[in-house]
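Novice: First the structure, which I've put down as structure tokens, then a few questions once you've had a look.
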Amino acid sequence: MARGRRLASIEDFNRSLKNKYGIGTQEAYKPWLRIQDVNSKGKKSTAFGRKIKRYHHFLSGIESEFFYIAEFSDSVIDIREQFPLLPLTLSQKVASAIGVPHPIVTGTDVPNIMTTDFLLTRQCAGNTSFHAISVKPDEKLTQRISEKLDIERVIWELLGVKFSFFTGNEVTKAQAANIKWATSPFRSGAVGITQADIEIALGTLSKGKYLLSQLCSELNLSLKGRDVDGLYVLRYLIAEKYINVDLDYSIVTSNTIEILSLAQSQSRSLYGA
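Sequential numbering from 1 applies to the sequence shown in UniProt numbering.
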């Protein structure tokens with residue numbers, strides 16, 4: 001992992017901008033803050049994107065949770081985490097206008113670059129739009145954090161971009177965990193599943209609720225003699241949305257899975273092919 005950057009002065013900020021942090025889209029985007037750049041009390045982590053082929057950086061568990069849900073959404077075509085609110089003078093003017101102190105670098109009087117946790121690019125019915133998301137659990141919403149969120153909200157309103165809060169709950173936690181479980185084997189490298197494997201598996205499955213272990217045993221029987229595992233194929237079918245399953249409870253913990261629907265077409269190309 002690359003070493004962390006110092007972000008304590010205007011010179012540091014300008015150097016980061018020169019090095020393209022907080023700039024670009026898709027694979028070319030580099031988050032303003034990476035996990036090695038901050039001392040965070042949260043559960044820091046990274047994940048290699050399936051849609052955007054780069055490592056995404058999360059400064060808390062709930063940021064990771066939101067990422068998996070957002071990435072799984074068909075309408076989301078780009079995810080830019082730790083997105084800087086620039087220019088600095090804009091956030092300063094907004095803070096002054098609404099009467100709240102602008103964030104400063106700890107231990108200094110240097111105004112800090114503010115960030116929004118996620119900036120999503122969405123595409124629906126041929127229309128492209130942006131959606132800024134601040135990710136904070138309810139118990140973390142102190143008065144000072146609320147003031148910072150007000151600055152964010154006003155900035156995005158001025159820019160004509162939708163701004164929302166994500167606080168998470170037990171359902172979203174289960175959804176994110178299920179998506180992570182289903183997609184984690186297919187985030188980089190070869191998949192090792194053929195179209196024939198997919199056709200056989202889909203021919204075995206039908207709508208309904210099953211014991212996960214029993215369903216995997218049935219898939220193993222159907223795929224006997226083929227160089228794939230039933231559970232591995234099942235996770236792939238979920239990850240690639242060949243099947244739609246209930247994600248609102250923990251599939252692994254409960255050892256149950258409910259198939260809500262199967263893909264109409266069985267001739268889709270393999271992921272990454």
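C-beta: ideal position from N, C-alpha, C; glycine also.
If distances are taken between C-alpha atoms only, which option among Phe130, Val228, Lys93 and Leu223 comes closest to Phe83?
Specialist: Translated into the one-based positions of the sequence shown, residue 83 becomes position 83. Looking at the Cα atoms, Phe130 is the closest of the given residues.
Novice: Between Phe186 and Arg50, which are expected to be in contact by the criterion C-beta below 8 angstroms, what is the C-beta distance as a whole number of angstroms?
Specialist: Counting from one through the sequence shown, the residue named residue 186 turns up at place 186. Counting from one through the sequence shown, the residue named residue 50 turns up at place 50. Correct: roughly 7 angstroms between the Cβ atoms.
Novice: What number of angstroms, rounded off, separates the C-alpha of Leu17 from the C-alpha of Trp32?
Specialist: The count along the sequence shown starts at 1 and reaches residue 17 at position 17. The count along the sequence shown starts at 1 and reaches residue 32 at position 32. Cα to Cα, Leu17 sits roughly 9 angstroms from Trp32.
Novice: With distance defined between alpha-carbon atoms, name the residue in Thr256, Ser9, Leu260 and Arg226 nearest to Thr108.
Specialist: Taking the first residue of the sequence shown as 1, we reach residue 108 at position 108. For Thr108, the nearest C-alpha among the options comes from Ser9.
Novice: In whole angstroms, give me the CA-to-CA distance for Lys30 and Thr121.
Specialist: To locate residue 30, count along the sequence shown from 1; it is residue 30. To locate residue 121, count along the sequence shown from 1; it is residue 121. Approximately 16 angstroms between the Cα atoms of the pair.
Novice: In three-state terms, what does DSSP make of Asn127?
Specialist: Residue mapping note: residue 127 aligns to position 127 of the sequence shown, counting from 1. Strand.
Novice: If I measure Cβ to Cβ from Arg34 and keep anything under 6 angstroms in the same chain, skipping five residues before and after, which residues do I get?
Specialist: If you number the sequence shown from 1, residue 34 lands on position 34. Here the set comprises His57.
Novice: Cutting at 8 angstroms between CB atoms, please list the residues of its own chain near residue 274, excluding the five before and the five after it.
Specialist: Because the chain in this structure spans residues 1 to 273, residue 274 falls outside the shown range and cannot be described.
Novice: For the pair the stretch 172-181 and the stretch 64-75, tell me if three or more CB-CB distances fall below 8 angstroms.
Specialist: Result yes; three or more Cβ-Cβ pairs closer than 8 angstroms.
Novice: By DSSP, does Glu199 sit in helix, in strand, or in coil?
Specialist: Numbered from 1 along the sequence shown, position 199 holds the residue referred to as residue 199. Three-state DSSP puts Glu199 in a helix.
Novice: Leaving aside the five residues before and after Ile200 along the sequence, list all residues of the same chain whose C-beta is less than 8 angstroms from its C-beta, in chain order.
Specialist: Position 200 of the sequence shown, counted from the first residue, corresponds to residue 200. Only Ser222, Leu223 and Arg226 meet the Cβ criterion.
Novice: For Leu211, collect the residues of the same chain with a Cβ closer than 7 angstroms to its Cβ; drop the 5 residues on either side in sequence, then sort them by chain order.
Specialist: Residue 211 sits at position 211 when you count from the first residue of the sequence shown. Once the five neighbours on either side are set aside, the close Cβ partners of Leu211 are Asn255 and Thr256.
Novice: Grab me the residues of Gly168's own chain with a C-beta within less than 8 angstroms of its C-beta, minus the 5 sequence neighbours each way, in chain order.
Specialist: If you number the sequence shown from 1, residue 168 lands on position 168. Once the five neighbours on either side are set aside, the close Cβ partners of Gly168 are Ile62, Glu65, Phe66, Val135 and Pro137.
Novice: For Ala239, is the classification buried or exposed, using 16 other Cβ atoms within 10 angstroms of its Cβ as the cut-off for buried?
Specialist: Here residue 239 refers to the residue found at position 239 when the sequence shown is read from its first residue. Classification for Ala239: buried.
Novice: Could you tell me the alpha carbon to alpha carbon distance between Gln266 and Gly22, rounded to whole angstroms?
Specialist: Along the sequence shown, one-based indexing puts residue 266 at 266. Along the sequence shown, one-based indexing puts residue 22 at 22. For Gln266, the predicted structure reports a pLDDT of 43, less than 50, and the residue's modelled location is therefore unreliable. A value from the coordinates is still provided. If I take the Cα positions, the gap works out to 40 angstroms.
Novice: How would you call Lys148, buried or exposed, if buried means at least 16 neighbouring beta carbons within 10 angstroms?
Specialist: Stepping through the sequence shown from its first residue, residue 148 is reached at position 148. Looking at its Cβ environment, which holds 16 or more other Cβ atoms inside 10 Å, Lys148 is buried.
Novice: For Asn14 and Asn112, what's the separation of their Cα atoms in angstroms?
Specialist: Sequence index remark: in the sequence shown, residue 14 carries index 14 (1-based). Sequence index remark: in the sequence shown, residue 112 carries index 112 (1-based). The straight-line gap from Cα to Cα measures roughly 12 angstroms.
Novice: Tell me which same chain residues have a C-beta within less than 8 angstroms of the C-beta of Thr25, skipping the five on either side of it?
Specialist: On the sequence shown, residue 25 is found 25 positions in, with the first residue counted as 1. Correct list, in chain order: Asp78, Arg80 and Thr121.
Novice: Below 7 angstroms CB to CB, which residues in the same chain sit around Phe72 once its five sequence neighbours on both sides are set aside?
Specialist: Stepping through the sequence shown from its first residue, residue 72 is reached at position 72. So the list reads Ile179, once near-sequence residues are dropped.
Novice: Figure out for me which residue from Ala263, Asn127 and Asp150 has the closest Cα to the Cα of Ser206.
Specialist: Counting from 1 along the sequence shown, the entry for residue 206 is found at position 206. Among Ala263, Asn127 and Asp150, the Cα nearest to that of Ser206 belongs to Ala263.
Novice: Would Ile98 and Asp117 qualify as a contact pair, given that the criterion is a beta-carbon distance under 9 angstroms?
Specialist: Residue 98 sits at position 98 when you count from the first residue of the sequence shown. Residue 117 sits at position 117 when you count from the first residue of the sequence shown. Result no, Cβ atoms of Ile98 and Asp117 do not sit closer than 9 angstroms.
Novice: So, at 7 angstroms on beta carbons, what are the nonlocal neighbours of Thr183 in its own chain, with the 5 sequence-adjacent residues on each side left out?
Specialist: Taking the sequence shown and counting its residues from 1, the one referred to as residue 183 is at position 183. Only Arg50 and Ala239 meet the Cβ criterion.
Novice: What residue ranges within the UniProt domain "TnsA endonuclease C-terminal" (170-247) form continuous alpha helix (DSSP H) runs of no fewer than 4 residues, ordered along the chain?
Specialist: Here the runs fully enclosed are 170-183, 195-204, 212-222 and 230-239.
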